[in-house]
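Student:
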Amino acid sequence: MQKTDTAIAKRADTPPVPKDIKGLLEHETTQGQLASVMPEDAKPERLLRLALSALRQTPGLLKCTPASFFGSLIGACALGLEVNTPAGEAYLVPFKVKGKPTCTLIVGYRGLSKLAYQHEKVVSIARHAVKANDVFRIAYGTEETIVHEPKTGDRGPTIGAYAVVKLANGGSISKYMPLDEINSHRPSHWESTPWGDKNEHVVDEMRTKTVLKSILKDTPSTANARRAVTIDE
1 MQKTDTAIAK
11 RADTPPVPKD
21 IKGLLEHETT
31 QGQLASVMPE
41 DAKPERLLRL
51 ALSALRQTPG
61 LLKCTPASFF
71 GSLIGACALG
81 LEVNTPAGEA
91 YLVPFKVKGK
101 PTCTLIVGYR
111 GLSKLAYQHE
121 KVVSIARHAV
131 KANDVFRIAY
141 GTEETIVHEP
151 KTGDRGPTIG
161 AYAVVKLANG
171 GSISKYMPLD
181 EINSHRPSHW
191 ESTPWGDKNE
201 HVVDEMRTKT
211 VLKSILKDTP
221 STANARRAVT
231 IDE
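Numbered continuously in full-length UniProt numbering, the sequence shown closes out at residue 233.
Here it is, written out as structure tokens:
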């Protein structure tokens, strides 16, 4: 385990003294602990405001253990991602572990893409959901080819998703996953995460993120991108 990982783990295990989440966020030592793991250009004050906003938007977070909430917040800080904003970089989500309300950090596909772009060899990232009424063809061989023509009008239900990462050397890495394979990667508590959102667009974002995560395991990436790939598995 790297030193940064060790530091994060220690802070997650030993949150500030307060026993409730609001008190934790207002505690004098919290900002310093967040700042110690954040990128230099990030501001802990903004993350604290976002955390308070997340509590208002998702009251279930108030029932979570302070240690799990603080650990998730520290994780987002270390990655340089903002939580529970329209940008969709990362989410603080409540769910139950052995009957105890627990907060977990879920990295959104925009957050994952942001971290992937931090590597100089990554030029572009594309990811799309494939619908039943779309024209879609994929050919494997010496050069993989993907043809995707979204249907105008009713595209039908999602049947899969794919992602393509183009590299600075002119090469690219692509992958397609059918829906059943994608669903096999959902967390056990997926109903209480963005996976369970009633908005199909939000769920499609999680599906394309799943494919992108798979690709990034074989793509040049930064330490933060590698950490993000495994953080919500």
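Don't be surprised by glycine CBs; every beta carbon is placed ideally from N, CA and C.
Treat the numbers as computed from the prediction; the structure is a model and nothing was measured.
Short of 7 Å in beta carbon distance, which residues of its chain neighbour residue 62, apart from the five on each side in sequence? Order them along the chain.
Tutor: 21, 55
Student: Indicate whether residue 94 and residue 60 have their beta-carbon atoms separated by less than 7 Å.
Tutor: yes
Student: Taking the C-alpha atoms as reference points, what is the distance between residue 153 and residue 200?
Tutor: 16 Å
Student: Counting only the same chain and skipping the five closest in sequence on each side, list residues whose C-beta sits under 6 Å from that of residue 150.
Tutor: 134
Student: What distance in whole Å lies between the Cβ atoms of residue 87 and residue 105, which are believed to be in contact at a cut-off of 8 Å?
Tutor: Residue 105 to residue 87, Cβ: 15 Å. No contact.
Student: Tell me whether the beta-carbon of residue 160 lies closer than 7 Å to the beta-carbon of residue 178.
Tutor: yes
Student: So, under 8 Å CB-CB, residue 122 and residue 164 are touching, yes? Tell me the CB distance rounded to an integer number of Å.
Tutor: Contact doesn't hold; Cβ gap of about 11 Å is too wide.
Student: Are the region 201-219 and the region 105-114 in contact at 8 Å, needing three or more beta carbon pairs?
Tutor: yes
Student: Report the rounded CA-to-CA distance for residue 96 versus residue 102, giving the unit in angstroms.
Tutor: 6 Å
Student: What did DSSP end up calling residue 148 once you bin it into helix, strand or coil?
Tutor: strand
Student: Does residue 177 come out as helix, strand or coil in the three-state DSSP assignment?
Tutor: strand
Student: The beta strand (DSSP E) with residue 105 in it runs from where to where?
Tutor: 100-107
Student: Let me confirm a value: residue 68 is counted as buried when at least 16 other C-beta atoms fall within 10 Å, else exposed. Which label applies?
Tutor: A buried status is given to residue 68, since no fewer than 16 other beta-carbon atoms sit within 10 Å of its beta-carbon.
Student: Going by CA-CA distance only, name the one from 174, 129, 216, 84 that's closest to residue 145.
Tutor: 174
Student: What would DSSP say about residue 81, mapped onto helix, strand or coil?
Tutor: coil
Student: Drop a sphere of 10 angstroms on the beta-carbon of residue 219, count the other beta-carbons inside from all chains shown, and report buried for 16 or more, exposed for fewer.
Tutor: buried
Student: Return the Cβ separation of residue 203 and residue 213 in integer angstroms, given the expectation that the two are a contact with Cβ distance under 8 Å.
Tutor: Between residue 213 and residue 203 the Cβ distance is about 16 Å, and since that is not below 8 Å, they are no contact.
Student: Identify which residue in 169, 158, 89, 41 has its Cα closest to the Cα of residue 182.
Tutor: Of 169, 158, 89, 41, the smallest CA-CA separation from residue 182 is found for 158.
Student: Between the Cα of residue 222 and the Cα atoms of 117, 193, 138, 187, which residue gives the shortest distance?
Tutor: 117
Student: Between residue 36 and residue 24, what straight-line distance do the alpha-carbon atoms span, to the nearest angstrom?
Tutor: 16 Å
Student: Residue 44: which of 26, 58, 57 sits nearest, CA to CA?
Tutor: 26
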